[in-house]
Amino acid sequence: MIVCNTANLSSVTIYYPILGLNLSWVLDCSKCLLKIAYRKFATTATTAQTLSTMAVGAENMGNVKRQLVQLFEVSLQATVPSETDVAPLVDACIAKSGVRFGDYQCNNAMGLWSKIKGKQTEFRGPTAVGQAIMKNLPPSDMVESCSVAGPGFVNVVLSRNWIAKSLQKMLIDGIDTWAPCLPVKRAVVDFSSPNIAKEMHVGHLRSTIIGDTLARMLEFSHVEVLRRNHVGDWGTQFGMLIEFLFEKFPNPEDVNEAAIGDLQTFYKASKARFDSDPEFKQRAQQAVVRLQGGEDTYHRAWKQICEISRTEFHRVYERLGIQLEEKGESFYSPYIPGVLEELNKKGIIEDDKGARVIFVQDVNIPLIVVKSDGGYNYASTDLAALRYRINEEKAEWIIYLTDVGQQQHFDMLFKAAKRAGWLPADDGSYPKATHVGFGLVLGEDGKRFRTRSTEVVRLVDLLDEAKNRSKTALLERDTAKEWPEEEVEKTSQAIGYGAVKYADLKNNKQTNYTFNFDQMLNDKGNTAVYLLYAHARICSIIRKSGKDIEEVKRNAKIALDHEDERALGLHLIQFSEVIEEACTNLLPNVLCEYLYNLSEIFTKKFYSNCQVVGSPEESSRLLLCEATATVMRKCFHLLGIVPVYKI
Ligand code: ARG
1130 MIVCNTANLS SVTIYYPILG LNLSWVLDCS KCLLKIAYRK FATTATTAQT
1180 LSTMAVGAEN MGNVKRQLVQ LFEVSLQATV PSETDVAPLV DACIAKSGVR
1230 FGDYQCNNAM GLWSKIKGKQ TEFRGPTAVG QAIMKNLPPS DMVESCSVAG
1280 PGFVNVVLSR NWIAKSLQKM LIDGIDTWAP CLPVKRAVVD FSSPNIAKEM
1330 HVGHLRSTII GDTLARMLEF SHVEVLRRNH VGDWGTQFGM LIEFLFEKFP
1380 NPEDVNEAAI GDLQTFYKAS KARFDSDPEF KQRAQQAVVR LQGGEDTYHR
1430 AWKQICEISR TEFHRVYERL GIQLEEKGES FYSPYIPGVL EELNKKGIIE
1480 DDKGARVIFV QDVNIPLIVV KSDGGYNYAS TDLAALRYRI NEEKAEWIIY
1530 LTDVGQQQHF DMLFKAAKRA GWLPADDGSY PKATHVGFGL VLGEDGKRFR
1580 TRSTEVVRLV DLLDEAKNRS KTALLERDTA KEWPEEEVEK TSQAIGYGAV
1630 KYADLKNNKQ TNYTFNFDQM LNDKGNTAVY LLYAHARICS IIRKSGKDIE
1680 EVKRNAKIAL DHEDERALGL HLIQFSEVIE EACTNLLPNV LCEYLYNLSE
1730 IFTKKFYSNC QVVGSPEESS RLLLCEATAT VMRKCFHLLG IVPVYKI
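So the sequence shown is numbered by my numbering: it starts at 1130 and just counts up by one.
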């Protein structure tokens, strides 16, 4: 497995001097500034799967935590050479009762002590191990000072100068140099995926918003993302829909969106007909067979129904600025027989009460892949799709977004794929499949979100309402009253849609969340409105200075002498490790939290205590404003939110 996706490996160099039995090699990637370290141990056979990635230290770029990990790796091996494979445990320090001993800490001493105590060792306890780890840390201009606290925590204070240089470099080279490199080249993100002829509801909104953000974060991290809309466009309900369509519109020319009206109502009416009239039911069942047999009129009717649904879905995607490529269930249907044949040959499929099923580990019900009537289903389609994504599309990571209700389906699907040998047994290796399940969207009554008039909330109406409310709020501000209509419209869209997205993304995905316009559109607290305003305010500080910021970037230096300048600088350079964590663990809320804290540090610390315009430190502070705005804009972009520059 090649770790760096830009894979421009230009040189092979010996990395660290030989430490005991340990050899380390590093491949330089000239494009993404990544080093791939390959460590060979005399006692363990190392496979390609154990390659680990590390960003380069000391060069003021990228992931700070990784750079410290590199330093501690050297120190740990020098401290206890007999323990050859100890991964450095480095974390950003969290303040306890307002006190922090450092910016980062290394927490290996205690674990190492329990490994070596009782063996022959010069150390007397974990604190001494911590002290030795500190002493053996290679000199680096990123570190200002170190100390050992408690039972051996090694605290690191980063150098102000180094932080300032990192920021300066980012401002000149661009924030993309802070993008993480992930160990995958290509991923499928299967998201949104509504069902044809059924209204795209607020549940699909979560899948759409979270999926888009995950795709954006992966794309930023140099992963090629296949954004897949796995729409439900196949299955037995189409027999019923087609027959109903024939009945209502004997002339196919008459079929169009206006005539059919609301597809959901159409679906309901056809379902009522299906349930009450046995003769209709029979025709509907035959229609499925004729459709799947490829009969022309049936195929055409199916396409008409899909097209009308698609127009409706697109209205939502357009408003949200979301790109998706439709490869619906129907796309995979020709592949199902071959895939089942393969699984059959492997002896994985068995008979169960007339159906064909796959049993998987630790689940007492089987995965049904052929129903007792011989028909295929959701699971057979997903098996074919997974096989296609691994084999044809060569995706190394396949990510599915649906509500948590489908967790068991995906658990069984992935286990079946492991039995088939399509996916490795071990979850740490690639190709890998992950289901991202999310909770329900609730109304203020704590029940599933609905409106009184219709059972489900129409997504388009909901987005329109968010936009209209933010427009009203915007027009209450004196400044916006003079704006051209187009600008008011654009800004209220950015705020309204941004608010809906952010309210969803800031939550931990697993939990249900309550949809509340007043809350999400509040300009105080952890909302997109607050964040967008904060960004606009920073832009206006820069504008008011009357300076050309590009020129300031070229000629001025950042200094972080004030405590609050340093706090802001430190938070800014942590962007890279936060985004890497959010990507690796598929957690957009981690990025939201980072963005909110950035805004708080800027407003409540830096901007409250450090005068910018007209101060002796003006140039340096303008650069800090610019760096903050740049990082905020990147966060907005990754969250699918359009930034606002003035309010
Ligand atoms: N259409 C499904 C639904 O609305 C979601 C599909 C998710 N993707 C998949 N490959 N199963 O519940």
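A virtual CB, placed ideally from N, CA and C, is assigned to each residue, including glycine.
- Setting aside the 5 residues that flank it on each side, G1231 is surrounded in the same chain by C1222, N1284, V1285 and V1286, each with a C-beta closer than 6 Å to its C-beta; the list follows chain order.
- The three-state reading of DSSP puts C1721 in helix, counting H, G and I together.
- Taking the Cβ of D1511 as the reference point, at least one heavy atom of ligand 1 falls within a distance shorter than 7 Å.
- Straight-line spacing of the CA atoms in A1207 and Q1703 works out to 28 Å.
- Here the alpha carbons of L1701 and C1764 stand approximately 12 Å from one another.
- In the structure shown, the three-state DSSP call for S1276 is strand.
- Beta-bridge pairing by DSSP links A1401 to no other residue.
- Taking non-hydrogen atoms of ligand 1 into account, the C-beta of T1563 is found less than 7 Å away from none of them.
- Less than 8 Å divides the Cβ of A1758 from the Cβ of I1667.
- Contact between the stretch 1286 to 1299 and the stretch 1320 to 1336 is absent, with fewer than three C-beta pairs closer than 8 Å.
- Within 7 Å of the C-beta of A1484 there is not a single heavy atom belonging to ligand 1.
- E1573 counts as exposed, since fewer than 16 other beta carbons sit within 10 angstroms of its beta carbon.
- Under the rule that a run must span 4 or more residues, no alpha helix (DSSP H) segment is found entirely inside the stretch 1477 to 1518.
- For the options F1367, D1220 and C1721, the alpha carbon positioned closest to that of F1282 is the one of D1220.
- Secondary structure remark: continuous alpha helix (DSSP H) runs of at least 4 residues inside the stretch 1237 to 1282, in chain order: 1238 to 1245 and 1255 to 1264.
- Apart from sequence neighbours up to five positions away, the residues of its chain that approach L1634 with a beta-carbon distance below 7 Å are I1338, I1339, T1342, P1717, N1718, C1721 and L1768, ordered along the chain.
- Taking the CA atoms as reference points, V1277 sits about 47 Å from D1319.
- Y1233 sits in a strand when the DSSP states are folded into three classes.
- Under DSSP, F1567 shares a beta bridge with D1532.
- Membership of L1355 in the beta strand (DSSP E) is indicated by the continuous run E1353 to N1358.
- In the DSSP assignment, E1455 is bridged to N1358.
- L1453 sits close to S1321, with the two beta carbons spaced by under 8 Å.
- Your pair Y1631 and K1596 does not check out as a contact, with CB atoms roughly 14 Å apart and the cut at 8 Å.
- The beta carbon of M1761 sits closer than 8 Å to those of L1660, A1663, H1664, I1667, L1724, L1727, S1728 and P1772, all from its chain and outside the five residues before and after it, given in chain order.
- Residue F1373 holds the alpha-carbon nearest to the alpha-carbon of K1397 among V1384, V1317, Q1415 and F1373.
- Selection around ligand 1 by beta-carbon proximity, strictly under 6 Å to any non-hydrogen atom, yields D1319, S1322, P1323, N1324, H1359, G1361, D1511, A1514, Y1529 and T1531 in chain order.
- For the pair V1272 and S1288, the Cα-to-Cα distance works out to about 5 Å.
- Per DSSP, A1388 is one residue of the alpha helix (DSSP H) stretching across E1386 to I1389.
- Put simply, the backbone Cα of I1301 is about 41 Å away from that of E1594.
- Secondary structure note for R1315: its beta strand (DSSP E) is the uninterrupted segment R1315 to D1319.
- Counted as a single uninterrupted DSSP element, the beta strand (DSSP E) harbouring V1219 occupies residues V1219 to A1221.
- Closest in alpha carbon position to M1369, among L1311, P1407, V1228 and N1265, is P1407.
- Each of C1754, L1715, Q1639 and E1710 was checked against the Cα of I1730, and the nearest Cα belongs to C1754.
- Minimum Cα-Cα distance from I1262 among the listed residues V1533, V1198 and G1504 corresponds to V1198.
- DSSP, read as helix, strand or coil, puts L1287 in strand.
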